[in-house]
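In the numbering used here, the protein residues as written are 5 to 305.
Every residue gets a Cβ at the ideal spot worked out from N, C-alpha and C, and that includes glycine.
Okay, structure first, notes after.
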Amino acid sequence: MIDVAVVGSLHLDIMVKAPRLPARDETLMGSAWRYKCGGKGGNQAVAAARFGARTGFGGRTGDDDFGQRLRRNLAAAGVDTGCVGVDFDRGSGMSVAIEEQAGEYGAVVVSGTNLAIEPGTITRDWAALWTCKVLLLQNEIPEAVNLAAATLARNAGATIILNAAPARPMADSLFGLIDVLIVNRVEAAMMTGTTDRSVALQRLHARGCDVVLTLGGDGLEVMTREGERIAIPALAVEFLASHGAGDCFCGALAARIAQGDDLLAACRFARNAAGLFVSTPEDAHDQMTPAAVTALGAASP
């Protein structure tokens with residue numbers, strides 16, 4: 005039995021440390037590099053498992069070293085990888101990310117096998133995922149795959165969460181299946197054509213779902229289906245790095261909804277989880293626990 009099913013992307017990130025992002029036509033000397041298992045789908049699945057949800061993943065890697073690393077990383081986090089396929093004709097997804105000394109970053113993603121996932125595979129081979137309570141999706145795989153997964157999960161009675169990242173036009177048929185939409189301010193602006201936060205929230209809310217707008221250091225805003233608008237401030241924490249914080253938020257939110265929290269309680273827990281994530285050294289992320297998240301929230305004003 006799976007609490008959270010994540011259907012999404014797997015990328016092996018090559019992280020480069022540099023004093024800043026290079027300007028156009030500039031060659032910049034970096035100070036270090038490392039591998040990091042990523043992809044929004046993979047990151048969110050690891051977070052959901054880390055925060056107590058029985059988590060299964062549906063996705064695809066290549067038959068290469070990157071793919072082996074990605075599959076091992078999911079399994080080590082306790083994620084069920086029975087629906088992770090191996091493609092013998094394409095390379096695994098990957099990215100190159102440049103981390104500034106201040107902790108901000110920019111990245112370029114090569115999707116690889118993530119674009120080779122087919123709707124028929126979901127229907128034929130991934131039946132184990134559709135016992136889930138919550139389905140968590142992102143936009144790093146084809147929309148047709150998201151639509152097929154959302155349809156199957158809806159038929160099974162699951163709550164469907166879409167993190168619309170990266171932003172792209174979305175068909176009404178998919179929007180109509182979404183219970184909770186998670187976007188940041190850039191994605192909200194791209195999806196609605198406005199940088200006015202209130203107008204963007206109203207336009208997304210008009211599509212018929214709960215909307216969670218994440219605002220980084222400014223916290224988040226929630227607009228429920230009933231039209232209630234709630235601001236949740238960010239925690240005051242020591243900031244180390246932001247890369248992956250949004251995925252931590254999404255995975256934590258899905259985990260808490262699967263465990264019975266209402267949307268606002270889940271958002272507060274996810275806010276606390278993201279706060280712990282950005283203030284914890286990367287090599288200690290796997291030591292983050294639900295109890296530590298709860299303690300951070302209790303200790304913060």
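Closest to Gly124 by C-alpha separation, out of Ile102, Val149 and Leu139, would be which residue? Translated into positions along the sequence shown, residue 124 becomes position 120. The candidate whose alpha carbon is nearest that of Gly124 is Val149.
Relative to the alpha-carbon of Arg207, which residue among Leu219, Gly223, Thr228 and Asp222 has its alpha-carbon at the smallest distance? The residue labelled residue 207 in the question sits at position 203 within the sequence shown. Ranked by Cα distance from Arg207, the options Leu219, Gly223, Thr228 and Asp222 are led by Thr228.
Could you tell me the distance, in whole angstroms, from the CA atom of Ala274 to the CA atom of Arg58? Working through the sequence shown from its first residue, we reach residue 274 at position 270. Working through the sequence shown from its first residue, we reach residue 58 at position 54. If I take the Cα positions, the gap works out to 17 Å.
Mark Ala210 as exposed unless 16 or more other C-beta atoms lie within 10 angstroms of its C-beta, in which case mark it buried. In the sequence shown, counting from the first residue as 1, residue 210 sits at position 206. Answer is exposed; the Cβ neighbour count stays below 16.
Measuring alpha carbon to alpha carbon, tell me which of Ala259, Glu104 and Ala278 ends up nearest Leu219. Position 215 of the sequence shown, counting from 1, holds the residue named residue 219. Taking only the C-alpha atoms, the option nearest Leu219 is Ala278.
First and last residue of the beta strand (DSSP E) that includes Ile165? The sequence position of residue 165 within the sequence shown is 161, counting from 1. Start and end: Thr163 to Asn167.
Quick one: is Arg75 buried, meaning 16 or more other Cβ sit within 10 Å of its Cβ, or exposed? The residue you call residue 75 lines up with position 71 of the sequence shown. Result: buried.
Which residues does DSSP list as the beta-bridge partners of Ala53? In the sequence shown, the residue the question calls residue 53 occupies position 49. Ala53 is not bridged to any residue.
Just to check my reading of the structure: Gln48 and Asp251 have Cβ atoms closer than 8 Å, yes? What is that Cβ distance to the nearest angstrom? Sequence index remark: in the sequence shown, residue 48 carries index 44 (1-based). Sequence index remark: in the sequence shown, residue 251 carries index 247 (1-based). At roughly 5 Å, the Cβ-Cβ gap stays under 8 Å, so Gln48 and Asp251 are in contact.
With H, G and I counted as helix, E and B as strand and the rest as coil, what does DSSP make of Met174? One-based indexing of the sequence shown puts residue 174 at position 170. In the structure shown, Met174 adopts coil according to DSSP, grouped into three states.
CA-CA distance, Ile126 and Phe61? Residue 126 sits at position 122 when you count from the first residue of the sequence shown. Residue 61 sits at position 57 when you count from the first residue of the sequence shown. Taken atom to atom, the span from the alpha-carbon of Ile126 to that of Phe61 is near 11 Å.
Through-space distance from Met292 to Ala262, alpha-carbon basis: Locating residue 262 in the sequence shown gives position 258, counting from the first residue. Locating residue 292 in the sequence shown gives position 288, counting from the first residue. About 19 Å.
Our contact map puts Ala270 next to Leu257 with C-beta atoms below 8 Å; I'd like the distance itself, whole angstroms only. One-based indexing of the sequence shown puts residue 270 at position 266. One-based indexing of the sequence shown puts residue 257 at position 253. Indeed, because the Cβ distance is near 5 Å, the residues count as touching under 8 Å.
Could you give the C-beta distance for Asp17 and Ala120, rounded to a whole number, given that I count them as a contact under 8 Å? Start at 1 with the first residue of the sequence shown, and residue 17 comes out as number 13. Start at 1 with the first residue of the sequence shown, and residue 120 comes out as number 116. Contact between Asp17 and Ala120 is absent: CB atoms are separated by about 19 Å, not below the 8 Å threshold.
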